[in-house]
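Be aware that the sequence shown starts at 16, since it is given in this note's numbering, and climbs by one per residue. I have placed the structure first, in the form of structure tokens, so that the comments after it can refer back to it.
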Amino acid sequence: MALQIAARVSRIRAIPCSTGGPLTRVPADVQSSGVKFKHILTPGSPQLGRGAATSAPRSHIYPDKLSTTTTLWRASRGSYSSIPQVKRGWLGTFAVGTALGVSTAVLVQSLHTGAFTAMALKVNLDSAVGDWKETKDFLLSLSVKDRRQYYRTASSVALNEIPVWTPTAGGPEPSRYGRNEKLDQKISVHDGDITKLEIDAIVNAANSTLLGGGGVDGAIHRAAGPMLKKECASLNGCETGEAKITCGYGLPAKYVIHTVGPIARGGVGEEQREALRSCYRNSLKMATENGARSVAFPCISTGIYGYPPEQAVHEALATVREYLDAHHDKLDRVIFCVFLPKDKELYLQNLPLYFPAEATVKSKL
Ligand code: AR6
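Printed below as a string of structure tokens:
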């Protein structure tokens, strides 16, 4: 089959080029199928200039530079737009397939890839117009490299740029946990904007409507673009302590895990403590159930919801430590993303209590 295609493609190449225009090199039967090979950039197509790894070949793609198989493969990766507009693209794929004597299986495959190429042309993460499910399926099918061209931010921070925790001596208080060097390698404290992290999942400190708000929630929705709210609207809200997952859309993070922290303006009791622990536990569970191996948390509830940060840090660290003890094989990294200098200080001060330098208890790993 590959040989058949190669033979047909070489027939295309063998036609003398009389006028120099790209389509003059394509035989009449292929031209009449409606297939154009020239790259088409439509409004809402991914921005050029970003995602250097995939943007270079985006213009002037002619058949004499691509074999049919690589055209289909590239289309299936969603990275190149070498097949034309939505309607003509699918019909064209059929017509070319027939002309080339390609099997039904390949035609079905090419229809699928044609659909994804059409999707690549349609994706506009600045607009709320369009089907969030299609957009989500498309974005989740891409590799990180291919997804970069859809980021709505000019700067992002990759996982390998975030250092892991190096245990320090800590204060006089003894740790209840043992030294576990493998777990230390899975912990980071990062100060900065969570919306910039190019990791599998970031956690959102949302409210029970899941329809956006202020603080980190507002920042995540602004950075992801309006499709995020459309998907959130389909989730029927979220209870305090629970977690729900969506696509990250225009964010460098693949997923957003939305959790609702307890409101603690009236003080912290066991109910608030347990709810905050549930936020961390359920978010990690949601991550592992969806194959997300790197997760970043903001300091849930410690802003608008008024949970004292010096108390919240203990619930966060204890829950993550216990989850990692039980599920160390399912996660590569948990990042505490701190936004305020005092939160960074709190995490660095308290991490030795939960991820200590000394082996006081025998490691389970
Ligand atoms: N990156 C990382 N952390 C951030 C960012 C950011 N871009 N922006 C703020 N923070 P808050 P809550 C930190 O108020 O207390 C919303 O309206 C911030 O410094 O965002 O759980 C929701 O819709 C603080 O440490 O969340 C809810 O109605 C932490 O994020 C309500 O606020 C959490 O502060 C939730 O309140």
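Glycine included, every Cβ here is placed at the ideal spot set by N, Cα and C. Given the structure is predicted, the values throughout are model-derived calculations rather than measurements.
Boundaries of the beta strand (DSSP E) around residue 311: 309 to 312. By the Cβ-count criterion, residue 163 is buried, with 16 or more other Cβ atoms from all chains shown falling within 10 Å of its own Cβ. Judged by DSSP secondary structure, residue 298 falls within the alpha helix (DSSP H) whose first and last residues are 285 to 304.
If the five residues before and after residue 318 are omitted, its C-beta is found closer than 6 Å to the C-beta atoms of 230, all from its own chain and listed in chain order. Proximity of the beta carbon of residue 267 to the ligand AR6 is not indicated: no heavy atom of the ligand is located closer than 7 Å. For the set 273, 203 and 135, the Cα lying nearest the Cα of residue 335 is the one of 203. Non-local beta-carbon contacts of residue 221 in its own chain, meaning distances under 6 Å to residues more than five positions away in sequence, involve 232, 273 and 275 in chain order. Relative to residue 365, the option among 346, 154, 279 and 192 whose CA is nearest is 192. For residue 354, the shortest separation between its Cβ and any heavy atom of the ligand AR6 lies below 7 Å.
Secondary structure at residue 213: strand, using DSSP grouped into helix, strand and coil. Between residue 208 and residue 234, the C-beta gap is smaller than 8 Å, which places the two residues in contact.
Counting along the chain, the unbroken beta strand (DSSP E) around residue 353 starts and ends at 348 to 353. With a cutoff of 8 Å on beta-carbon distance, residue 168 and residue 267 are scored as near each other. Sequence-distant partners of residue 345 (beyond 5 residues in either direction) whose C-beta falls short of 6 Å from its own C-beta, in its chain, are 303.
Taking C-beta atoms as the reference points, residue 271 and residue 239 count as a pair closer than 8 Å. The nearest non-hydrogen atom of the ligand AR6 is 7 Å or more from the C-beta of residue 166.
Counting other Cβ atoms within 10 Å of its Cβ, residue 299 reaches 16 or more and is therefore classed as buried. In terms of side-chain proximity, the C-beta atom of residue 222 is found nearer than 7 Å to a non-hydrogen atom of the ligand AR6. Inclusion of residue 214 and residue 311 in the CB contact set at 8 Å is warranted, their separation being smaller than that value. Our two residues, residue 183 and residue 362, have alpha carbons roughly 12 Å apart in a direct line. According to DSSP, residue pairing for residue 270 in a beta bridge involves 216 and 262. For residue 156, the enclosing alpha helix (DSSP H) stretches over residues 147 to 156.
CA-CA distance, residue 226 to residue 247, rounds to 6 Å.
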